[in-house]
Amino acid sequence: MRIGELARRSGLAPTALRYYEQLGLLPAPDRTDSGYRTYADDAIDRLSFIRAAHAVGLTLAEVRQVIGVRDAGEAPCRVVSDLIEHRHAEVRARIAELRRLERDLAGLRTRAATLLPRDCDPSGICHVIPSAKGASGPSSTT
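Residue 357 is where the sequence shown starts when you use my numbering, and the numbers rise one by one after that.
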């Protein structure tokens, strides 16, 4: 099938298909005598896997790694399991970071509701966000 049909059937733009080909996610397609790309029917299954793997947080480089294992004739399940475990740990760490940020923001909202603009120290920028040494307020997580 030509790139337009593959794009329509996969729900991806032709530019995305060419990009995936450039990254090695899709094998280089055959070409017609007039130079049109022609893809095998299994390209749809591959694109479906790429989208699903990317949707659960795998990077395109990681997806390429998984596809490379499969293209070498091996089952990539152990590789996928390891990648998912790593991604899960990253997500848990990010969630913890976001929870700390949420607490900090809640504290700043309370602080903003109780401080008056006229009490803002002109030597600073804004007293809602403490930035001076020894100032009390939410701790920085970055």
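Glycine included, C-beta positions come from ideal geometry on N, C-alpha and C.
Task: THR497, DSSP secondary structure in three states - done: One-based indexing of the sequence shown puts residue 497 at position 141. Residue placement at THR497 is flagged as unreliable, the pLDDT there being 48, under the threshold of 50; the coordinate-derived value follows with that caveat. Coil.
Open item on the list: I believe ARG387 touches THR394 by the beta-carbon criterion, under 8 Å. Please report the beta-carbon distance rounded to the nearest angstrom.
Closed with: Locating residue 387 in the sequence shown gives position 31, where the first residue counts as 1. Locating residue 394 in the sequence shown gives position 38, where the first residue counts as 1. Indeed they touch by this definition, with Cβ atoms about 7 Å apart.
Open item on the list: Does THR470 come out as helix, strand or coil in the three-state DSSP assignment?
Closed with: The residue labelled residue 470 in the question sits at position 114 within the sequence shown. In the structure shown, THR470 sits in a helix (DSSP, three-state: H, G or I).
TODO: May I have a chain-ordered list of the alpha helix (DSSP H) segments no shorter than 4 residues that lie completely inside the segment 413–454?
DONE: 416–427
- [ ] Would you mind working out which of ALA396, GLU446, GLY380 and LEU379 sits nearest ILE359, comparing C-alpha positions?
- [x] Within the sequence shown, numbered from 1, the residue matching residue 359 stands at position 3. When only C-alpha atoms are compared, the closest one is ALA396.
Open item on the list: Could you tell me the alpha carbon to alpha carbon distance between ASP477 and ALA462, rounded to whole angstroms?
Closed with: As a position in the sequence shown, residue 477 is number 121, starting the count at 1. As a position in the sequence shown, residue 462 is number 106, starting the count at 1. Taking the straight line joining both Cα atoms gives about 22 Å.
Task: Residues near ALA452 by beta carbon distance below 6 Å, same chain, minus five either side - done: Walking along the sequence shown from the start, residue 452 turns up at place 96. Hits under 6 Å: none found.
TODO: For ARG420, collect the residues of the same chain with a Cβ closer than 8 Å to its Cβ; drop the 5 residues on either side in sequence, then sort them by chain order.
DONE: The sequence position of residue 420 within the sequence shown is 64, counting from 1. Excluding residues within five positions, the ones whose Cβ falls inside 8 Å are LEU379, GLY380 and LEU381.
- [ ] Look up THR388 in the DSSP assignment and say whether it is helix, strand or coil.
- [x] Against the sequence shown, residue 388 aligns to sequence position 32. Coil.
Open item on the list: Spatial neighbours of GLY413 within its chain, please: C-beta separation below 6 Å, excluding the five flanking residues on both sides.
Closed with: Mapped onto the sequence shown, residue 413 falls at position 57. Excluding five sequence positions before and after GLY413, the CB atoms of its chain that fall closer than 6 Å to its own CB belong to ARG443, given in chain order.
Task: Distance between ARG450 and ARG465 (C-alpha atoms, nearest Å) - done: Taking the sequence shown and counting its residues from 1, one reaches residue 465 at position 109. Taking the sequence shown and counting its residues from 1, one reaches residue 450 at position 94. Answer to the nearest angstrom: the Cα atoms are 22 Å apart.
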